[in-house]
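Numbering (the working numbering), first residue to last: 33 to 182.
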Amino acid sequence: MKKNRARTVRTLICGAVLGLVAMASLSTVSQAATGSIRVEFTKAGFIVGVGEGRGILTFRGRHYPFRVSGMSFGATIGASTNRLVGRALNMRAPGDLAGTYSAIGAGGALAGGAGGAQLQNATGVILQLQGVKVGVELSAAVGAIEITMQ
Numbered sequence: 033m034k035k036n037r038a039r040t041v042r043t044l045i046c047g048a049v050l051g052l053v054a055m056a057s058l059s060t061v062s063q064a065a066t067g068s069i070r071v072e073f074t075k076a077g078f079i080v081g082v083g084e085g086r087g088i089l090t091f092r093g094r095h096y097p098f099r100v101s102g103m104s105f106g107a108t109i110g111a112s113t114n115r116l117v118g119r120a121l122n123m124r125a126p127g128d129l130a131g132t133y134s135a136i137g138a139g140g141a142l143a144g145g146a147g148g149a150q151l152q153n154a155t156g157v158i159l160q161l162q163g164v165k166v167g168v169e170l171s172a173a174v175g176a177i178e179i180t181m182q
């Protein structure tokens with residue numbers, strides 16, 4: 033009888049702990065919000081591409097400027113300016129946008145083109161971007177993009 037009682041108590045404790053963990057994870061998800069993003073990024077390169085730009089995050093009715101810098105390595109030749117708009121998902125605070133985003137991709141532009149990207153940083157922020165590319169560029173490269181808040 034003591035073994036059954038101990039097993040019942042352990043089962044109730046485990047159930048309570050699992051319930052608390054589930055409630056905590058639900059509250060974390062519900063606190064995440066979405067921001068809108070505007071970025072202008074200029075890139076040039078031959079084999080190694082480098083670029084930089086600026087952007088604005090609009091989050092909970094306020095505007096936050098940021099800088100973008102990046103480097104890519106692979107088959108890159110030319111120069112282009114990208115004007116992108118989109119969403120920043122899983123945001124809890126404006127500073128969550130900062131960080132390193134990895135990118136693997138291919139693309140090109142001859143005077144103009146369109147494209148999009150989805151990137152994620154270590155804090156779980158996902159950028160969904162789309163827009164236009166102006167210039168002459170051909171690339172198939174691996175790179176990283178660094179965003180810093182101003």
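Glycine residues also receive a C-beta, built at the ideal position from the N, C-alpha and C atoms.
ALA76 lies in the beta strand (DSSP E); which residues open and close that run?
65 to 91
Assuming GLY102 contacts GLN162 (C-beta within less than 8 Å), just tell me the rounded distance between them.
Not confirmed; about 18 Å, so no contact.
Buried or exposed: which applies to GLN182, given that a residue is buried once 16 or more other Cβ atoms fall within 10 Å of its Cβ?
exposed
Looking only at C-alpha atoms, which of GLU72, VAL157, VAL164 and GLY148 sits nearest to ASP128?
VAL157
Cα separation between LEU52 and ARG124?
Caution applies to LEU52, whose pLDDT of 42 falls short of 50 and renders its modelled position unreliable; the value that the coordinates give is listed next. Cα-Cα distance, rounded: 21 Å.
Going by CA-CA distance only, name the one from ALA64, ALA130 and ILE177 that's closest to PHE98.
ALA130
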